[in-house]
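Residue numbers (the working numbering): 1 to 437.
The beta-carbon is built from N, C-alpha and C at its ideal position, and this holds for glycine as well.
One structure below.
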Ligand SMILES: C[S@@+](CC[C@H](N)C(=O)[O-])C[C@H]1O[C@@H](n2cnc3c(N)ncnc32)[C@H](O)[C@@H]1O
């Protein structure tokens with residue numbers, strides 16, 4: 001019998017989770033996804049500019065990612081909930097250091113949060129929680145989203161998904177069990193277990209192969225050591241099937257709107273013709289999602305859910321909303337801007353419209369509407385089409401520039417003192433946060 005980890009309802013809670021920013025949860029991206037579906041984003045007043053909103057981050061970790069959004073929207077309110085007091089202490093310290101007063105944090109679990117009436121929100125974000133907590137916490141989390149989301153509000157839920165983790169199931173079970181017999185901090189026990197599996201592999205661990213070790217090794221080159229205890233040591237580690245999540249959400253009054261993964265914007269980019277023809281025969285939207293998960297060996301999903309009936313926008317209003325949103329090049333992605341590797345093969349889109357958009361972004365963010373206005377050759381459809389491709393890797397929608405964001409000062413504070421390196425995988429800019437890597 002090994003020594004138990006410190007756990008909260010199956011969630012390993014001994015070390016703090018590394019600070020993370022996720023651009024698929026940024027309201028700028030969520031709004032873009034909604035407008036594509038002809039659905040009104042929560043903060044868009046009909047016929048007017050967008051208005052202040054409340055964003056709730058459930059399982060917010062150390063809150064730094066949410067705080068970058070709070071810095072981006074000084075007139076909106078941000079609430080972080082996390083069960084680990086260490087995370088919430090760090091979040092409050094970061095808010096103070098960054099000089100932000102529009103964020104509040106609660107060190108409570110989802111069950112306790114369900115008893116409160118002050119967590120109403122227009123946007124809810126939940127990243128990396130659903131597949132790492134036990135069944136009770138999962139049910140509480142979904143009930144909490146259903147209760148807290150205001151009518152017309154949206155929740156973006158990111159989770160490890162099947163079938164992409166099938167090969168890792170037996171690996172994770174063995175890794176966790178060996179780690180329980182190890183000594184030291186959880187991340188040291190993770191390293192110990194990993195080396196033990198590496199040592200035993202030649203003996204014939206029949207359901208584990210070198211590909212699983214190779215995958216972890218490639219992630220170790222990119223992610224901090226403490227991340228791995230959170231990823232692999234939970235008792236409740238259970239990557240989710242999309243129909244299960246969509247069904248559970250529906251029982252709490254939440255309708256699935258669409259995937260918010262950039263690679264799922266356009267199925268013609270990621271699926272072969274025969275796969276798309278097969279999908280065209282499928283009327284059931286949940287089966288459709290699951291089939292795409294299978295066609296792409298999906299391992300991570302970000303789903304957008306809406307409370308109540310979506311407020312529909314007509315085509316002209318949706319397009320106008322999309323044309324007005326600035327887009328920015330992603331730093332470090334200047335190589336091969338017109339080429340994408342997808343499960344369907346390599347897509348090349350080196351054409352005059354793509355070059356026009358890419359060059360227009362060279363000096364900073366630009367709206368598709370501005371590109372259309374400056375072009376005699378291309379219309380809105382051409383330019384938005386280019387952005388579909390650039391969104392997969394090379395560019396992101398951002399907010400209009402705002403001098404009140406104090407971005408340079410906040411960005412400087414994200415450089416860790418004493419050579420610690422960057423505190424988070426993001427830069428802060430006058431247009432909001434930008435993810436690194
Ligand atoms: C993998 S971390 C993700 C953190 C953050 N969302 C991110 O992606 O950077 C999962 C978070 O969920 C929190 N958590 C786990 N179980 C919880 C519960 N029952 N109630 C509230 N928070 C919980 C953990 O403390 C942890 O901060």
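- Beta-bridge annotation (DSSP): residue 307 is paired with 254.
- When secondary structure is reduced to three states using DSSP, residue 39 falls in the strand class.
- Residue 61 has its Cβ nearer than 7 angstroms to a heavy atom of ligand 1.
- Between the region 419–427 and the region 83–93, the count of C-beta pairs closer than 8 angstroms stays below three; the two stretches do not touch.
- Of the candidates 217, 221, 189, 155, the residue whose Cα lies closest to the Cα of residue 254 is 155.
- Check the Cα spacing between residue 3 and each of 42, 180, 62, 100: the tightest is with 180.
- In this structure the region 263–278 touches the region 339–357; the number of beta carbon pairs closer than 8 angstroms is three or more.
- Note on residue 433: 16 or more other CB atoms within 10 angstroms of its CB, so buried under the neighbour-count rule.
- Under the three-state reduction of DSSP, residue 156 is assigned to strand.
- Restricted to the region 365–410, the beta strand (DSSP E) segments that are unbroken, complete and at least 3 residues in length are 395–397, listed in chain order.
- Contact between residue 257 and residue 37 holds, since their C-beta atoms are separated by about 6 angstroms, short of 8 angstroms.
- Restricted to the region 68–118, the alpha helix (DSSP H) segments that are unbroken, complete and at least 4 residues in length are 85–98, 110–114, listed in chain order.
- Runs of beta strand (DSSP E) with 3 or more residues, each lying fully within the region 209–282, are found at 254–259, listed in chain order.
- In the displayed model, residue 172 falls within a helix according to three-state DSSP.
- Scanning 398, 402, 412 for the CA closest to the CA of residue 435 turns up 398.
- In this structure, the C-beta of residue 124 stays at least 7 angstroms away from each heavy atom of ligand 1.
- As the crow flies, the alpha-carbon of residue 364 is around 50 angstroms from that of residue 201.
- Distance from residue 327 to residue 430 at the Cβ level is roughly 15 angstroms; contact not present, criterion being Cβ atoms closer than 8 angstroms.
- One alpha carbon belongs to residue 230, the other to residue 375, and they sit about 49 angstroms apart.
- Burial is judged here by how many other beta carbons sit within 10 angstroms of a residue's own beta carbon; residue 319 has at least 16 and is buried.
- Here the region 173–187 makes contact with the region 226–242; the two share three or more CB pairs at distances below 8 angstroms.
- Excluding five sequence positions before and after residue 367, the CB atoms of its chain that fall closer than 8 angstroms to its own CB belong to 323, 324, 325, 326, 327, given in chain order.
- Assignment of beta-bridge partners to residue 348 by DSSP yields 339.
- The C-beta distance from residue 228 to residue 190 rounds to 5 angstroms, short enough to meet the 8 angstroms contact threshold.
- The Cβ atoms of residue 114 and residue 143 lie closer than 8 angstroms to each other.
- By alpha-carbon distance to residue 39, the top candidate from 295, 162, 407, 153 is 153.
- Counting C-beta atoms within 10 angstroms of its own C-beta, residue 360 has 16 or more neighbours from the protein chains shown and is therefore classed as buried.
- Taking the CA atoms as reference points, residue 382 sits about 9 angstroms from residue 372.
- Distance between residue 294 and residue 211, taken at the CA atoms: about 19 angstroms.
- Residue pairing from DSSP leaves residue 29 without any beta-bridge partner.
- Pairing residue 199 with residue 239, the inter-Cα distance amounts to about 26 angstroms.
- C-alpha of residue 338 to C-alpha of residue 147: approximately 43 angstroms in a straight line.
- Taking the Cα positions, residue 223 is about 21 angstroms away from residue 84.
- Between residue 121 and residue 34 a beta carbon distance of about 16 angstroms is seen, past the 8 angstroms cut, so the two are scored as non-contacting.
- Within the same chain, and ignoring the five residues on either side of residue 213 in sequence, the residues whose Cβ sits closer than 8 angstroms to its Cβ are 194, 197, 198, 201.
- A straight line joining the alpha-carbon of residue 20 with that of residue 62 spans about 8 angstroms.
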